[in-house]
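S.K.: If you scroll down you'll find the structure; I have some questions about it.
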Amino acid sequence: MSAGRAPEGAGCITWWGFSPARDLLSTGPVRPRGDINVLLVGSGDPRHILKTISGLQNHENLHVWVIEDCMEVVSRQLLLLYLALTPQESMGNNEKTEVFLEVFGNGEIRGHTEERLRRAASQLIVSVTESLETATHPALNTALLKFKERDELTGIFQMWIQPRPSSSSSECAAPVSMSKAWDYRVRQHLGTRYDSKRNCFDWDLLMKLHEKGCGVINKQQYARWRERGLAFELREGVYQTSNPSLLSSRVFRQKGGKVSYRGYWGDIVSSPYLSFGIETDDTNLLRTQNGQHISTAQDISVANVQELFRSLSSRRSCSTTSPSEAEQASPEADPKSVPVHGLMRPDGISVTFLPSDALYKLPEKLKYSRFFSTIYFSASCVNQLGPTIRQIAAPDAVLVVELAKYILDLTKEQAAGFAEKVASMALEAEFEPWRDGKSDDVHAVFIPRRK
């Protein structure tokens, strides 16, 4: 989307989206009813899933289908959904919110959060390996992934829970230091400006994010995230354990060959505050005093995520698997862990993860003909938007595309050019802009072109 060094700020892997959470069923001219199928392409995190669930009516059923271009992002989506669905008997709403946001946006986490993450990973391994034909949980359905992809997921989860190396063990490779991996990215991105990085951080916040309407992002919190990768410091504690869910591998060309390096390759400029922290229906959280916001993006993120979790709990139904059955399914599980069978099962909600190349194959299958009521593309995956999308879209479908407003390394002209390109691609796919909707420079909304 841009030239030179610009893409380095956004990174090459999408750990979180570049837009706030949206109720995708309320974005078009007519709200779909009954059994609703939504396709997400490259959303990067479950913010839209959680927000859409929160807006559901009691009689509505939602089936979300997710396509990501790499299994490392899928593993994160599964982890975050697992945490969101953990019953309050095992983790209260406040603690769940803290753990969720730490895992979501912090390069380094507390020891308590790391332990939660490891237990979740051990249960997700069981879920992935058991989901051969049917899902172990309707909202964590990996049954349609390829065997190779499921093996990759299992390997990722195992990497998250592998024991730390000790002086008596030479079998485990030294874990990646997130602080060093983060600093490497910052140095690469800023180049000669690294020595004046605080000024660079202030410029990006005041002249870019605040100018784009993100005044709730606090200067101190943003600088802390830009420098250390620590977005959410929700309680006093030691944040020094690397968050393994934000580490991934990247292949570089070196001396005629290819070398894979494990490190942090995600966003280091726009921030994870965008997903849950810049919009709220609670006007008290948007109050200002002497021109300054009283609440911060962290405060708003906490309030929004807590509300999303309350909505999940309100749709809770009894598990179809008894505790004894869950224990039999995983006899070696940590007794403090919550098996996937024991997670909340919100009424009428399912989330299915599709293979990374599924978008090109769905039009070939009769089942998916005119199937999806809403189709969402992230800014990073909009290149996959093509004419065949019309074949899998319902007659009154809504196409939602994330724009480049919050990709800070792009100029206004580049962001405008991106929006024009999106409109052109949608037109080729036989979609036209929804002109009756409110103007929104964060997402472009399209409806099937009238013939």
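Each number in the numbering used here comes from the position in the sequence shown (counting from 1) with 44 added on.
The C-beta atom is built at its ideal place from N, Cα and C for all residues, glycine as well.
(1) Residues in the same chain with beta-carbon distance under 6 Å from GLY149, minus the five sequence neighbours each way, listed in chain order, please.
(2) Which word fits TRP59, buried or exposed, when buried means at least 16 other C-beta atoms lie within 10 angstroms of its C-beta?
(3) Looking at the secondary structure, which residues open and close the beta strand (DSSP E) in which ARG268 lies?
(4) To test your reading of the DSSP string, which unbroken alpha helix (DSSP H) runs of 4 or more residues are found completely within the region 132-215?
(5) Do you know offhand how far SER221's Cα is from SER70's?
(6) Would you identify the three-state DSSP class for LYS302, choosing helix, strand or coil?
(7) Please state whether the Cβ-Cβ distance between ILE153 and THR198 is less than 7 Å.
(8) Quick check on DSSP: helix, strand or coil for LEU398?
(9) So, helix, strand or coil for ILE322, using DSSP?
(10) Skipping 5 residues on each side, what residues in its chain have a beta carbon closer than 7 Å to that of SER63?
(11) Could you give the DSSP three-state label for TYR126: helix, strand or coil?
(12) Which two residues bound the contiguous beta strand (DSSP E) that contains ILE419?
(13) Could you tell me if ASP311 is buried or exposed, where buried requires 16 or more neighbouring beta carbons within 10 angstroms of its beta carbon?
(14) For ALA65 versus HIS92, is the C-beta spacing smaller than 7 Å?
(15) Classify GLU371 as helix, strand or coil using the three-state DSSP reduction.
(16) Indicate whether GLU474 and ARG493 have their beta-carbon atoms separated by less than 7 Å.
(17) Who does ILE111 pair with in a DSSP beta bridge?
(18) Classify THR340 as helix, strand or coil using the three-state DSSP reduction.
(19) Pull the bridge partners of GLU476 from the DSSP assignment, please.
(20) How about SER417 and ALA438: do their beta carbons lie closer than 7 Å?
(21) Pairs of beta-carbons, one from the region 74-92 and one from the region 421-440, closer than 8 Å: are there three or more?
(22) Taking 8 Å as the limit between beta carbons, can you name the residues of its chain near LYS302, skipping five residues before and five after?
(23) Would SER345 count as contacting chain B if we go by Cβ distances under 7 Å?
(24) Just to confirm, does LEU176 get its C-beta within under 6 Å of one of the non-hydrogen atoms of the ligand SAM?
(25) Does the region 172-185 come close enough to the region 261-269 to have 3 or more Cβ pairs within less than 8 Å?
(26) Under the three-state reduction of DSSP, which class applies to GLY53: helix, strand or coil?
(27) Is DSSP giving PRO288 helix, strand or coil here?
(28) For LEU234, report the span of its beta strand (DSSP E) as first-last.
(29) DSSP state of ARG279, grouped into three classes?
(30) What is the DSSP secondary structure of GLY7, counted as helix, strand or coil?
(31) Per DSSP, which one or two residues make a beta bridge with ILE10?
(32) GLY386: which of SER134, ASN102 and LYS411 sits nearest, CA to CA?
M.R.: Considering the structure as presented:
(1) Excluding sequence neighbours, GLY149 sits near ALA275, PHE276 and PRO316.
(2) Around the CB of TRP59, 16 or more other CB atoms lie within 10 Å, so the residue is classed as buried.
(3) Secondary structure note for ARG268: it is in no beta strand (DSSP E), and the uninterrupted alpha helix (DSSP H) holding it is 263-272.
(4) Segments of the alpha helix (DSSP H) lying fully in the region 132-215: 137-149, 155-174 and 191-205.
(5) Distance between the alpha carbons of SER221 and SER70: 42 Å.
(6) Of the three classes helix, strand and coil, the one that applies to LYS302 here is strand, per DSSP.
(7) No, they are not a contact pair.
(8) Coil.
(9) ILE322 falls in the coil class under three-state DSSP.
(10) Around SER63: LEU318, GLU446, TYR450, VAL486 and HIS487.
(11) Three-state DSSP puts TYR126 in a helix.
(12) Counting along the chain, the beta strand (DSSP E) containing ILE419 begins and ends at 416-421.
(13) Buried.
(14) At the C-beta level, ALA65 and HIS92 come within 7 Å of one another.
(15) Because the pLDDT at GLU371 is just 42, under 50, the model does not fix this residue reliably, and the value given afterwards should be weighed accordingly. GLU371 sits in a helix when the DSSP states are folded into three classes.
(16) A contact, by the Cβ cut-off of 7 Å.
(17) In the DSSP secondary-structure assignment, ILE111 is bridged to VAL85.
(18) DSSP places THR340 in coil when its eight states are reduced to three.
(19) DSSP, once it has assigned bridges, lists ILE491 as partnering GLU476.
(20) Note that the C-beta distance between SER417 and ALA438 is below 7 Å.
(21) Enough Cβ pairs lie closer than 8 Å, so yes.
(22) Answer for LYS302: VAL295 and PHE296, listed in chain order.
(23) Going by chain labels, chain B is absent from the structure shown, which holds only one protein chain.
(24) Inclusion of the ligand SAM in the displayed structure is not the case, the ligand content being empty and no account of it being possible.
(25) Not touching, per the Cβ criterion.
(26) Annotated three-state conformation of GLY53 is helix, per DSSP.
(27) The answer is helix: DSSP assigns PRO288 an H, G or I state.
(28) Where LEU234 is concerned, there is no enclosing beta strand (DSSP E), although the alpha helix (DSSP H) it sits in stretches over 222-234.
(29) Correct three-state label for ARG279: coil.
(30) The question about residue 7 has no answer here: the residues shown for the chain are numbered 45 through 495.
(31) The chain is shown from 45 up to 495; residue 10 falls before or after that span and cannot be answered.
(32) Ranking SER134, ASN102 and LYS411 by Cα distance to GLY386 puts SER134 first.
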